[in-house]
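Q: Here it is, the structure in full.
Residue numbers (our numbering), protein chains in the order written: chain A, 1 to 111; chain B, 1 to 110.
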């Protein structure tokens with residue numbers, strides 16, 4: 001069964017550092033998303049991406065965040081200067097004709 | 001803005017008992033999705049309901065979409081320990097994003 005692949009599975013970073021979270025969506029999917037989940041809380045929408053541009057973003061997705069699809073397969077989320085409150089599980093998802101598929105997530109810990 | 005509320009927040013059942021979680025939206029939804037997240041895992045898509053009053057079954061799971069398309073439920077018959085996890089509903093705000101409910105955490109005692 002096709003999967004959405006995310007790397008790394010766990011990232012620890014110092015406050016103020018930049019991080020890049022990587023995702024490989026399912027190959028024939030056209031819509032891509034980043035969500036985050038703070039421990040024990042619900043899944044929150046960050047951004048959606050279609051046709052090489054952002055379709056929509058939430059109020060969480062401020063100037064510190066950016067997304068890119070540099071080579072037609074990878075889909076990355078960059079946080080420019082991490083804050084303690086950015087610590088969360090970050091999920092990438094892609095949407096196909098039969099539903100949405102989530103990756104297994106990257107646990108980001110900002111110290 | 002749109003909100004998707006879920007109740008209950010937690011449910012502890014004995015194996016073999018039934019379980020139901022309810023989802024309510026402040027606005028009419030074009031569709032609703034249900035996801036299961038195992039402890040430490042990622043959301044796994046279960047189903048999407050589109051039509052008013054729709055009922056769909058997946059083995060012991062029964063999903064309903066309300067007539068007004070503002071509420072939905074997931075019912076599990078005769079729970080098993082493999083059903084443990086958090087069940088989320090999600091409703092689209094528009095074509096580009098959807099909001100997750102707060103989830104119902106199900107614990108099943110053997």
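Just so you know, even glycine gets a beta-carbon here, dropped at the ideal spot from N, CA and C.
1. Since residue 66 of chain A meets chain B, which of its residues come closer than 8 Å, beta carbon to beta carbon?
2. Residue 111 of chain A: which of A/17, A/1 and A/5 sits nearest, CA to CA?
3. Residue 106 of chain A and residue 2 of chain A - do their beta-carbons sit closer together than 8 Å?
4. Do residue 35 of chain A and residue 45 of chain A count as a contact pair if the criterion is CB distance below 8 Å?
5. Tell me whether residue 77 of chain A sits in a helix, a strand or coil according to DSSP, three-state version.
6. Could you run through the segment 28 to 52 of chain B and flag, in chain order, every residue whose CB is less than 9 Å away from some CB of chain A?
7. In whole angstroms, what separates the C-alpha of residue 85 of chain A from that of residue 53 of chain B?
8. Distance, Cα to Cα, residue 23 of chain B vs residue 64 of chain B?
9. Answer yes or no: do residue 14 of chain B and residue 97 of chain B have a C-beta to C-beta separation smaller than 8 Å?
10. Measuring only the C-alpha atoms, how far is residue 107 of chain B from residue 65 of chain A?
11. Answer with buried or exposed for residue 18 of chain B, where buried requires no fewer than 16 other C-beta atoms within 10 angstroms of its C-beta.
12. Residue 55 of chain A touches chain B at which residues, Cβ-Cβ below 7 Å?
13. Can you name the residues of chain A whose CB is closer than 7 Å to the CB of residue 99 of chain B?
A: Reading from the atomic positions:
1. Going along chain B, no residue has its Cβ under 8 Å from residue 66 of chain A, so there is no contact; the nearest lies around 17 Å.
2. A/17
3. no
4. yes
5. strand
6. 33, 35, 37, 41, 42, 43, 44, 45, 46, 47 and 48
7. 41 Å
8. 10 Å
9. no
10. 36 Å
11. exposed
12. 96
13. 45
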